[in-house]
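The next block holds one structure in the form of structure tokens; read it before the comments.
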Amino acid sequence: MRASNQDHSALIKVSELTRYLRCPRLVYFAARGHEQPGITAGGERAAIEHLLWKEVGFHLPQLLASLDVQETEDEPEMASFVQTVADCLDGVAWIYRAELQSVEMALFEEVMHSFVERFRETPWLTNLKAGGTVIELERAYSFDRERTLLSPRLGMVGSVDKLIRTEAELIPSMIKTGRSPEYGVWPSDRMQLAAYAMLIEEEFETIVQRGFVEYVRTADFREAAIKKRDRALAFQLLSRVKKVQAGFFPEKGANPPCDRCAFLERCETRKTILSKLLGR
Numbered sequence: 133m134r135a136s137n138q139d140h141s142a143l144i145k146v147s148e149l150t151r152y153l154r155c156p157r158l159v160y161f162a163a164r165g166h167e168q169p170g171i172t173a174g175g176e177r178a179a180i181e182h183l184l185w186k187e188v189g190f191h192l193p194q195l196l197a198s199l200d201v202q203e204t205e206d207e208p209e210m211a212s213f214v215q216t217v218a219d220c221l222d223g224v225a226w227i228y229r230a231e232l233q234s235v236e237m238a239l240f241e242e243v244m245h246s247f248v249e250r251f252r253e254t255p256w257l258t259n260l261k262a263g264g265t266v267i268e269l270e271r272a273y274s275f276d277r278e279r280t281l282l283s284p285r286l287g288m289v290g291s292v293d294k295l296i297r298t299e300a301e302l303i304p305s306m307i308k309t310g311r312s313p314e315y316g317v318w319p320s321d322r323m324q325l326a327a328y329a330m331l332i333e334e335e336f337e338t339i340v341q342r343g344f345v346e347y348v349r350t351a352d353f354r355e356a357a358i359k360k361r362d363r364a365l366a367f368q369l370l371s372r373v374k375k376v377q378a379g380f381f382p383e384k385g386a387n388p389p390c391d392r393c394a395f396l397e398r399c400e401t402r403k404t405i406l407s408k409l410l411g412r
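Last residue of the sequence shown? That's 412 in the working numbering, and every number before it is there in order.
Okay, here's the thing in structure tokens:
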């Protein structure tokens, strides 16, 4: 059960596990107060679109319900549906105020307009209407948005995008704005789901059997069983992140994002200093 006097700052965030998978050194430098900039120069449009897709992901049941009402025997009334999308996104500038603080409002409004207009195209709508189990569950039971979960025993905390509560189970669902794999769920997403499952189990004294990943950009909704290997990976990464945050300087990951990393110079300098100390 949740400890009311728990110091949240001492807990490892689930997001740090996924950061470690990208490159362990990202965890090292972030733990020492060297955060990467929220939006890099030239990446404003992509950052705005990421937030818009994220917010779309929180309104899928409403959008599908709107289609149900507006659809005729031929095609849905697209102008009305596009207006529904715009209404769902009306609060983005306020909800994500911290993330958008460096973005000019004129650019945000320009990107927002072109983004909403895309919904006049039909492939995304076709996928949404075929959304399957997770959309049905969200329409039937709704969900807790961005539910914070913590476990003093694990030493971990996380905020799951959606927590669906049925009579029989608790189900985590994550919104992802990147591309979806051809089949199933990306390994990093399976690990993240397993981490949320363990937090849910700790807080609600239950067993989580499955979760969902909503690849909202293409309206691909994938179910994933919570497998032992994914739990094991999450637990292993939790231990490694704790070690790195305590001061251990790790090797880079298998495919580190060095070409777009704000820590690159600091990383190479730290490596050089260690090599000299170790006589290498």
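In this text, a Cβ means the ideal position worked out from N, Cα and C, and glycines have one as well. The structure displayed is predicted, hence computed values, not measured ones.
According to DSSP, is residue i part of a helix, a strand, or is it coil?
i: Ile267; result: helix
i: Thr309; result: coil
i: Ala356; result: strand
i: Leu143; result: coil
i: Glu167; result: coil
i: Ile296; result: strand
i: Val235; result: coil
i: Phe395; result: coil
i: Phe380; result: coil
i: Leu325; result: helix
i: Asp362; result: helix
i: Val340; result: coil
i: Tyr347; result: strand
i: Thr258; result: helix
i: Leu184; result: helix
i: Glu278; result: strand
i: Val289; result: strand
i: Tyr152; result: helix
i: Leu331; result: helix
i: Leu302; result: strand
Taking the alpha-carbon of residue i as reference, which of the options has the nearest alpha-carbon?
i: Phe243; options: Gly175, Lys374, Arg285; result: The question names Phe, but residue 243 is Val in the sequence shown. Among Gly175, Lys374, Arg285, the Cα nearest to that of Val243 belongs to Gly175.
i: Pro389; options: Leu143, Arg250, Cys399; result: Cys399
i: Asn259; options: Ala238, Glu236, Ala300, Leu192; result: Leu192
i: Leu365; options: Ala329, Ala163, Glu301, Arg349; result: Ala329
i: Ser198; options: Cys393, His182, Ala218, Gly379; result: Ala218
i: Leu331; options: Phe381, Val292, Pro382; result: Val292
i: Val188; options: Met306, Leu158, Ala162, Glu209; result: Met306
i: Val235; options: Cys220, Phe190, Ala178, Asp200; result: Ala178
i: Val224; options: Phe240, Phe344, Ala211, Val266; result: Phe240
i: Arg361; options: Ile339, Ala351, Ala327; result: Ala327
i: Glu299; options: Leu269, Thr350, Leu143, Gly290; result: Leu269
i: Ile267; options: Ser371, Leu153, Tyr160, Ala351; result: Ala351
i: Glu209; options: Glu253, Ser371, Phe395, His182; result: Glu253
i: Phe395; options: Leu143, Ile144, Tyr160, Tyr152; result: Tyr160
i: Ile180; options: Pro156, Leu153, Trp226; result: Trp226
i: Glu335; options: Lys375, Lys359, Gly290, Tyr315; result: Gly290
If we ignore side chains and look at the alpha-carbon of each, how far apart do residue i and residue j end up?
i: Glu249; j: Val214; result: 7 angstroms
i: Met323; j: Glu397; result: 30 angstroms
i: Glu148; j: Val373; result: 7 angstroms
i: Pro284; j: Thr150; result: 20 angstroms
i: Gln377; j: Leu184; result: 32 angstroms
i: Lys294; j: Glu346; result: 10 angstroms
i: Asp276; j: Gln194; result: 15 angstroms
i: Asp222; j: Phe381; result: 44 angstroms
i: Lys186; j: Ala211; result: 22 angstroms
i: Glu337; j: Ala162; result: 32 angstroms
i: Leu286; j: Asp391; result: 34 angstroms
i: Glu301; j: Arg354; result: 18 angstroms
i: Cys393; j: Ala386; result: 15 angstroms
i: Thr204; j: Arg164; result: Low confidence applies to Thr204: its pLDDT is 49, below 50, so where it sits in the model is not reliable enough to give any reading.
i: Arg265; j: Gly379; result: The sequence as given places Thr at residue 265; Arg does not occur at that position. So the two alpha carbons sit approximately 44 angstroms from each other.
i: Ser246; j: His166; result: 35 angstroms
i: Asp200; j: Phe251; result: 16 angstroms
i: Arg271; j: Phe190; result: 12 angstroms
i: Leu370; j: Arg363; result: 11 angstroms
i: Arg154; j: Thr216; result: 36 angstroms
i: Tyr152; j: Lys375; result: 12 angstroms
i: Gly263; j: Tyr315; result: 15 angstroms
i: Ile144; j: Cys220; result: 33 angstroms
Hey, would you say the C-beta of residue i is under 8 angstroms away from at least one heavy atom of the ligand NAD?
i: Tyr273; result: This structure lacks the ligand NAD; in fact it carries no ligand of any kind.
Assuming residue i contacts residue j under a Cβ cut-off of 8 angstroms, what Cβ separation, rounded to an integer in Å, is found between them?
i: Val146; j: Met237; result: Not confirmed; about 32 angstroms, so no contact.
i: Leu196; j: Lys261; result: 7 angstroms
i: Ala357; j: Gln341; result: 7 angstroms
i: Arg311; j: Tyr273; result: About 28 angstroms; that fails the 8 angstroms criterion.
i: Lys384; j: Val348; result: About 30 angstroms separates the two Cβ atoms, so there is no contact after all.
i: Gly343; j: Pro304; result: 4 angstroms
Assess contact between the region 274-285 and the region 311-321, defined as three or more Cβ pairs (one per stretch) separated by less than 8 angstroms. Is contact present?
Touching, no.
Does the region 218-235 come within contact of the region 256-270, defined as at least 3 CB pairs closer than 8 angstroms?
A contact is defined here as three or more CB-CB pairs under 8 angstroms, and the region 218-235 fails this definition with respect to the region 256-270.
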